[in-house]
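**Student:** Mind looking over this structure? Questions follow.
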Amino acid sequence: MVMSNSITCLNVLMNGLLVGQLTKQSTGAMTFQYEYTWLNTPGNRPISLSLPLQQDVYQGDRVYNFFDNLLPDSDRTRAKIQARFQIPSRQPFDLLAAIGGDCVGAIQLCPVGTMPNSIEGIQAEPLSTDEIAAMLSGDDHSPLGMVESTNEFRISIAGAQEKTALLWHQNQWCRPLGTTPTSHIFKLPIGLLSNNNIDLRESCENEWLCLEIWLCLEIAKAFGLPTANAEIQCHGVGDCILLDVDYAIGIA
16 MVMSNSITCL NVLMNGLLVG QLTKQSTGAM TFQYEYTWLN TPGNRPISLS
66 LPLQQDVYQG DRVYNFFDNL LPDSDRTRAK IQARFQIPSR QPFDLLAAIG
116 GDCVGAIQLC PVGTMPNSIE GIQAEPLSTD EIAAMLSGDD HSPLGMVEST
166 NEFRISIAGA QEKTALLWHQ NQWCRPLGTT PTSHIFKLPI GLLSNNNIDL
216 RESCENEWLC LEIWLCLEIA KAFGLPTANA EIQCHGVGDC ILLDVDYAIG
266 IA
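Using this note's numbering, the letters of the sequence shown correspond one by one to residues 16 to 267.
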């Protein structure tokens with residue numbers, strides 16, 4: 016299905032609450048404005064320290080940089096996302112209009128006029144070991160694990176490393192559907208960078224070691240901060256992957 020390029024405004028939600036609108040101007044530039052009701056909601060907060068709460072419209076680099084950084088860093092991955100969903104351009108707005116249903120920071124983006132369902136319930140499809148392995152090994156045609164067999168699973172994860180995200184629910188891995196968020200990030204090894212002769216095939220183990228020994232034991236211990244859990248797992252893809260907790264689930 017070819018995605019229409021007629022979408023020019025996206026609702027921006029945080030933790031399921033409407034906080035503002037992201038608009039694509041006729042020039043292609045993006046603007047962001049906080050919702051009036053959000054500005055007057057007790058306990059409100061900005062979506063980014065670079066975009067403090069205010070009534071005026073934001074534009075320019077600070078808008079572009081924040082929303083662009085919700086997407087994967089790799090141009091190759093972005094090109095695969097564009098091809099997978101037949102998106103008219105590779106601009107951040109158009110990519111997020113297609114896959115912005117679950118972004119880091121509990122951010123969701125959806126076309127104005129279509130509010131997502133409440134995040135208080137869980138809709139998910141249990142996955143077998145073989146299905147998880149297929150997601151992790153099919154990056155060329157299923158970027159970020161968004162397989163062609165379903166259009167219900169749309170996520171955007173920043174960073175250069177190949178990865179996907181799933182939901183751990185009722186003691187099994189699931190593909191979240193609709194507005195149900197993911198709970199864990201699966202990272203694949205970066206591999207061998209032949210152009211630079213750099214061997215990063217053990218990048219997952221290295222990141223796990225940094226999280227467990229340095230971040231958890233040193234920084235977190237010193238400041239009493241909660242940290243993400245991480246472990247090495249293997250799901251039939253030959254290489255070990257890093258399992259990194261993304262969000263905390265507050266519902267059973």
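No residue lacks a Cβ here, since even glycine has one placed at the ideal position from N, Cα and C. Predicted model, so just to flag it, every value in this text is computed and none were measured.
In this structure, does DSSP put V119 in helix, strand or coil?
**Tutor:** Here V119 sits in helix by DSSP.
**Student:** Which residues in the same chain have their Cβ closer than 7 Å to the Cβ of I22, if we skip the five residues on either side of it in sequence?
**Tutor:** If we look at I22 and ignore the five residues flanking it on each side, its Cβ neighbours are A112, P126.
**Student:** CA-CA distance, A173 and N80?
**Tutor:** Straight-line Cα distance between these residues: approximately 12 Å.
**Student:** By DSSP, does P61 sit in helix, in strand, or in coil?
**Tutor:** Residue state, collapsed to three classes: coil.
**Student:** Let me know the secondary structure DSSP gives I234 once reduced to three states.
**Tutor:** DSSP places I234 in helix when its eight states are reduced to three.
**Student:** My output table needs one value for Q187: the three-state DSSP class, helix, strand or coil.
**Tutor:** Strand, per DSSP.
**Student:** Look up L37 in the DSSP assignment and give the residues it is bridged to.
**Tutor:** BP columns for L37 point to L25, F47.
**Student:** Taking just the CA atoms, how far does L124 sit from W183?
**Tutor:** Each residue's alpha carbon lies about 23 Å from the other.
**Student:** From what residue to what residue does the beta strand (DSSP E) around E146 run?
**Tutor:** No beta strand (DSSP E) holds E146; the alpha helix (DSSP H) holding it covers 144-152.
**Student:** Helix or strand or just coil, what does DSSP make of D88?
**Tutor:** Three-state DSSP puts D88 in coil, outside helix and strand.
**Student:** Roughly how many angstroms lie between the CA atoms of I122 and N210, to the nearest whole one?
**Tutor:** Taking the straight line joining both Cα atoms gives about 35 Å.
**Student:** With 16 as the cutoff for other CB atoms within 10 Å, does T52 come out buried or exposed?
**Tutor:** Result: exposed.
**Student:** Where N55 and V34 are concerned, what is the direct C-alpha to C-alpha distance, given to the nearest angstrom?
**Tutor:** N55 and V34: Cα-Cα distance of roughly 11 Å.
**Student:** Going by CA-CA distance only, name the one from G58, A98, L203 that's closest to S148.
**Tutor:** Ser is not the amino acid found at residue 148; the sequence shown has Ala there. Comparing Cα-Cα distances from A148 to each of G58, A98, L203, the minimum goes to L203.
**Student:** Going by beta carbon distance, what residues of the same chain come within less than 6 Å of F171, once the five residues before and after it are set aside?
**Tutor:** According to the sequence displayed, residue 171 carries Ser and not Phe. Closer than 6 Å at the Cβ level, and outside the excluded window around S171, lie L85, L86, I114, G115, C118.
**Student:** Across which residues does DSSP place A139 in a beta bridge pair?
**Tutor:** Paired residues: P191.
**Student:** By alpha-carbon positions, which one of K95, L181, D145, N186 ends up nearest to G196?
**Tutor:** Checking the sequence shown, residue 196 turns out to be Pro, not Gly. Of the candidates K95, L181, D145, N186, the one whose C-alpha sits nearest the C-alpha of P196 is L181.
**Student:** Evaluate L151 with the Cβ neighbour count: other Cβ atoms within 10 Å of its Cβ, from every protein chain shown; 16 or more gives buried, anything less gives exposed.
**Tutor:** Buried, since its Cβ has 16 or more Cβ neighbours within 10 Å.
**Student:** Within its chain, find whatever has a CB closer than 8 Å to the CB of D139; leave out the 5 residues flanking it on each side and keep chain order.
**Tutor:** The amino acid at residue 139 is misidentified as Asp; the sequence shows Ala. Excluding sequence neighbours, A139 sits near L182, H184, C189, R190, P191, L192, T195.
**Student:** Nearest CA to the CA of G75: which residue from L37, A98, A94, F100?
**Tutor:** For the residues L37, A98, A94, F100, the minimum Cα distance to G75 belongs to L37.
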